[in-house]
Amino acid sequence: MELHKLTATELVLLLKQKQICALDIVTSLLDRINEVEPSIRAFLEIYDCEIIEAAKLSDRRRYRGKCGLLEGIPIALKDNICFIDHKTTCASKMLHNFIAPYNAHVTEKIIAAGGLIIGKTNMDEFAMGSSSENSARFCTRNPQNLEYSPGGSSSGSAAAVAAKMVPLALGSDTGGSVRQPASFTGIYGLKPTYSRISRYGLVAFASSFDQIGPMARSVSDIALLLQTIAGHDPRDATSSTRCVENYMDITTAQDLTAIKIGVPREYFTEEVDREVAAKCHKALARLENAGATICEISLANFDYALTAYYLIAAAEASANLARYDGIRYGYRAGQTQKKAVELSQSYMNSRGQGFGIEVKRRILLGTYVLSRGYYDAYYAKALQARAIITREIEQAFKSVDALVTPTSPILPFKIGEKIADPLAMYLCDTFTSTFSLSGHPAISIPCGYSGNDLPVGLQLVGKRFDEKFILQVAQAYQSAKNT
Amino acid sequence: MLSREEIRYLSHLAQIRLSADEEITIAQQMENVLQHFQLLDKLQISGSDDQEPRAASSWLREDSVKPSLPLPKALQNAPLVQDTYFAVPPMLTK
Numbered sequence: 191m192e193l194h195k196l197t198a199t200e201l202v203l204l205l206k207q208k209q210i211c212a213l214d215i216v217t218s219l220l221d222r223i224n225e226v227e228p229s230i231r232a233f234l235e236i237y238d239c240e241i242i243e244a245a246k247l248s249d250r251r252r253y254r255g256k257c258g259l260l261e262g263i264p265i266a267l268k269d270n271i272c273f274i275d276h277k278t279t280c281a282s283k284m285l286h287n288f289i290a291p292y293n294a295h296v297t298e299k300i301i302a303a304g305g306l307i308i309g310k311t312n313m314d315e316f317a318m319g320s321s322s323e324n325s326a327r328f329c330t331r332n333p334q335n336l337e338y339s340p341g342g343s344s345s346g347s348a349a350a351v352a353a354k355m356v357p358l359a360l361g362s363d364t365g366g367s368v369r370q371p372a373s374f375t376g377i378y379g380l381k382p383t384y385s386r387i388s389r390y391g392l393v394a395f396a397s398s399f400d401q402i403g404p405m406a407r408s409v410s411d412i413a414l415l416l417q418t419i420a421g422h423d424p425r426d427a428t429s430s431t432r433c434v435e436n437y438m439d440i441t442t443a444q445d446l447t448a449i450k451i452g453v454p455r456e457y458f459t460e461e462v463d464r465e466v467a468a469k470c471h472k473a474l475a476r477l478e479n480a481g482a483t484i485c486e487i488s489l490a491n492f493d494y495a496l497t498a499y500y501l502i503a504a505a506e507a508s509a510n511l512a513r514y515d516g517i518r519y520g521y522r523a524g525q526t527q528k529k530a531v532e533l534s535q536s537y538m539n540s541r542g543q544g545f546g547i548e549v550k551r552r553i554l555l556g557t558y559v560l561s562r563g564y565y566d567a568y569y570a571k572a573l574q575a576r577a578i579i580t581r582e583i584e585q586a587f588k589s590v591d592a593l594v595t596p597t598s599p600i601l602p603f604k605i606g607e608k609i610a611d612p613l614a615m616y617l618c619d620t621f622t623s624t625f626s627l628s629g630h631p632a633i634s635i636p637c638g639y640s641g642n643d644l645p646v647g648l649q650l651v652g653k654r655f656d657e658k659f660i661l662q663v664a665q666a667y668q669s670a671k672n673t
Numbered sequence: 007m008l009s010r011e012e013i014r015y016l017s018h019l020a021q022i023r024l025s026a027d028e029e030i031t032i033a034q035q036m037e038n039v040l041q042h043f044q045l046l047d048k049l050q051i052s053g054s055d056d057q058e059p060r061a062a063s064s065w066l067r068e069d070s071v072k073p074s075l076p077l078p079k080a081l082q083n084a085p086l087v088q089d090t091y092f093a094v095p096p097m098l099t100k
């Protein structure tokens, strides 16, 4: 049996039936990694020896009848999520040798549930980018076509799942960094409601947007991982105290007959790639055939969302990344020189040499919009735009149960195609960043392939904390697609 | 376009040393991005539009003493350590 091809839910069942053990899964995945990782390069680190020992321990726990939700299932972590005593580099020279002194909340939850951490995945530096090309280490390739980008910034997590090197991975989504790479690689990726998952131990980029999200090859797997990591954590002051639903109870296909899905007309203009629009329309027709009512709606202020997102996120990044001073941790320039430089020069040099060009650009942009004379014109106005857009989406949800848009306005692009034009790269986040601004949950669902065999993703957005509902609709869509 | 002086001022505020090439490239690219962002000027904003996107869900914890990061863990990532302290370059030069 080729275990690497199975989903986590299928593996959990086989483990429960004692047909396989955790060590079988790990062996199969490591073989798969050896086979395809040299050409895809999804991982920054693979804990091959460690995970074999962890699998043996998991098998012993199972023998003693002590099984967690993820018992024996390998999971990859994006390299901005802390795993104690292991490197957490954010794919940056700045943190090239940073060893996490504690576990992230999600890491604790995974380990407590019996999950096995197989490695850390590549990403755009500090999660800033949409292609993996901003990684200070190397570029990850799209398993669907190695000439193409897997999207970003959770590039390695998406590629590892799509290439069947691991059944589950965690990414982080600030403006679309889970959903866009999920769309580009043909897998599922969920950005939960802001505050549903603790950010403790996630390296901060833009704190009012950052959310950790599961990535997998099936809706059930997304539910399984979300179930494991969702919930209140007192160490994150924004973490919600709301009860966690039973997400895994989505196996019975949702009856879509009473469901109204809104399609914002602003997301289906001529600027959207024709093949992307065609696949999304086909998916909508499938949902309609399954009983859902589809209606056109308008999000009139959609045009301002991307701008508001980039301005606020850059401002927050400029503040969050001020902590990298090369003193307490991180890269310090000239540290081996006998004659030390002055403190302020040490900051300037360390940050100048430690950060890549995209990170510098965003910090400077954030500094600019927060500086005297520009604060009101840019930052304050972007905050007002955020409030207006959020209200508009809340208003839309009074008449519909979910919203559907393409995840990305374009098909995956070739590596090198957009890297010289930051604005063109930012525009990739046009459809995802709206719901990052508003904090609503959104999932990218694979909905077909272009004529060139490149994946297309459909974005399904729910009301706040309605993750279970969008997972049910996604499951129903999947069932309708398979019949 | 953003002037060289403006970029240098920003790099000083952000405490990031830029090379001469980076100053030119970043100035051009930021200019393009900021031009696009001027789109926001068209947004109709009334005086009553607040800046708070949603009710803040943050809360305050009890001000109680709890164990902090053990010293060896706190120091393990420091580029330079002297005894149990972070070693820093001098703040003032002679």
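Read top to bottom, the protein sequences are chains A and B.
So the first sequence is numbered by our numbering: it starts at 191 and just counts up by one.
So the second sequence is numbered by our numbering: it starts at 7 and just counts up by one.
Using N, Cα and C, we set each Cβ at its ideal position, and we do this for glycine too.
If you're wondering where the values come from, they're calculated on a predicted model, not measured in any experiment.
Tell me which same chain residues have a C-beta within less than 6 Å of the C-beta of residue i, skipping the five on either side of it?
i, result
"Ile600 of chain A", "Asp463"
"Met97 of chain B", "none"
"Ala575 of chain A", "Tyr494, Ala498"
"Leu196 of chain A", "none"
"Tyr568 of chain A", "Leu501, Val559"
"Asp591 of chain A", "Ile449, Lys450"
Given that a residue counts as buried once 16 or more other Cβ atoms are within 10 Å of its Cβ, and exposed if not, what is residue i?
i, result
"Thr90 of chain B", "exposed"
"Gln207 of chain A", "exposed"
"Glu298 of chain A", "buried"
"Lys381 of chain A", "buried"
"Gln527 of chain A", "Annotation note: pLDDT 48 at Gln527 of chain A (below 50); position unreliable, no value reported."
"Cys239 of chain A", "exposed"
"Met191 of chain A", "exposed"
"Met538 of chain A", "buried"
"Ala61 of chain B", "With a pLDDT of 49 at Ala61 of chain B, under the threshold of 50, the predicted position of this residue should be treated as unreliable, though the coordinate-derived value follows. By the 10 Å Cβ count, Ala61 of chain B comes out exposed."
"Pro78 of chain B", "exposed"
"Cys433 of chain A", "exposed"
"Gln370 of chain A", "buried"
"Pro645 of chain A", "buried"
"Thr447 of chain A", "exposed"
"Met7 of chain B", "exposed"
"Ala290 of chain A", "buried"
"Arg654 of chain A", "buried"
"Asn324 of chain A", "buried"
"Ala475 of chain A", "exposed"
Cβ atoms of residue j and residue i: under 8 Å apart, would you say?
i, j, result
"Thr620 of chain A", "Gln649 of chain A", "no"
"Asn38 of chain B", "Leu613 of chain A", "yes"
"Ile420 of chain A", "Ile412 of chain A", "Just to set this straight, residue 420 of chain A is Ala in the shown sequence, not Ile. The answer is no: Cβ separation not under 8 Å."
"Ser339 of chain A", "Asp314 of chain A", "no"
"Gly258 of chain A", "Gly304 of chain A", "yes"
"Thr375 of chain A", "Asn332 of chain A", "yes"
"Ile635 of chain A", "Tyr457 of chain A", "no"
"Val202 of chain A", "Ile263 of chain A", "yes"
"Gly391 of chain A", "Cys272 of chain A", "yes"
"Gly647 of chain A", "Ile660 of chain A", "no"
"Ala326 of chain A", "Gly546 of chain A", "yes"
"Lys469 of chain A", "Gly638 of chain A", "yes"
"Ala181 of chain A", "Ile487 of chain A", "Chain A is shown only over 191 to 673; residue 181 of chain A falls outside these bounds and no answer can be derived."
"Ala503 of chain A", "Glu582 of chain A", "no"
Our contact map puts residue i next to residue j with C-beta atoms below 8 Å; I'd like the distance itself, whole angstroms only.
i, j, result
"Asn270 of chain A", "Ala317 of chain A", "6 Å"
"Gly366 of chain A", "Ser561 of chain A", "That belief does not hold up - the Cβ atoms of Gly366 of chain A and Ser561 of chain A are roughly 27 Å apart, past 8 Å."
"Arg518 of chain A", "Ala20 of chain B", "That pair is no contact at about 19 Å."
"Ser362 of chain A", "Asp423 of chain A", "About 16 Å; that fails the 8 Å criterion."
"Ser508 of chain A", "Thr557 of chain A", "5 Å"
"Asn312 of chain A", "Ala232 of chain A", "6 Å"
"Ile449 of chain A", "Val663 of chain A", "7 Å"
"Ile402 of chain A", "Leu360 of chain A", "6 Å"
"Leu213 of chain A", "His194 of chain A", "Not confirmed; about 14 Å, so no contact."
"Ile13 of chain B", "Glu29 of chain B", "5 Å"
"Leu86 of chain B", "Arg522 of chain A", "7 Å"
"Glu261 of chain A", "Arg254 of chain A", "Incorrect: roughly 11 Å between the Cβ atoms, too far for contact."
"Gly341 of chain A", "Glu465 of chain A", "No, Gly341 of chain A and Glu465 of chain A are not in contact; Cβ-Cβ is about 16 Å, not under 8 Å."
Beta-carbon within less than 8 Å of residue i's beta-carbon, same chain only, minus the 5 sequence neighbours each way: which residues are those?
i, result
"Gln668 of chain A", "Ser408, Val409, Ile635"
"Arg4 of chain B", "The structure shown does not extend to residue 4 of chain B, since chain B is modelled only from 7 through 100, so no value can be given for it."
"Ser229 of chain A", "Arg331, Leu336"
"Gly520 of chain A", "Met284, Leu285, Phe288, Tyr514, Ser540, Gly544"
"Ser430 of chain A", "Thr383, Ser385, Arg386, His422, Phe655"
Problem set entry | Contact between the region 590-605 of chain A and the region 445-455 of chain A (3+ Cβ pairs under 8 Å) | yes
Problem set entry | the region 348-355 of chain A / the region 625-643 of chain A touching (three or more Cβ pairs under 8 Å) | no
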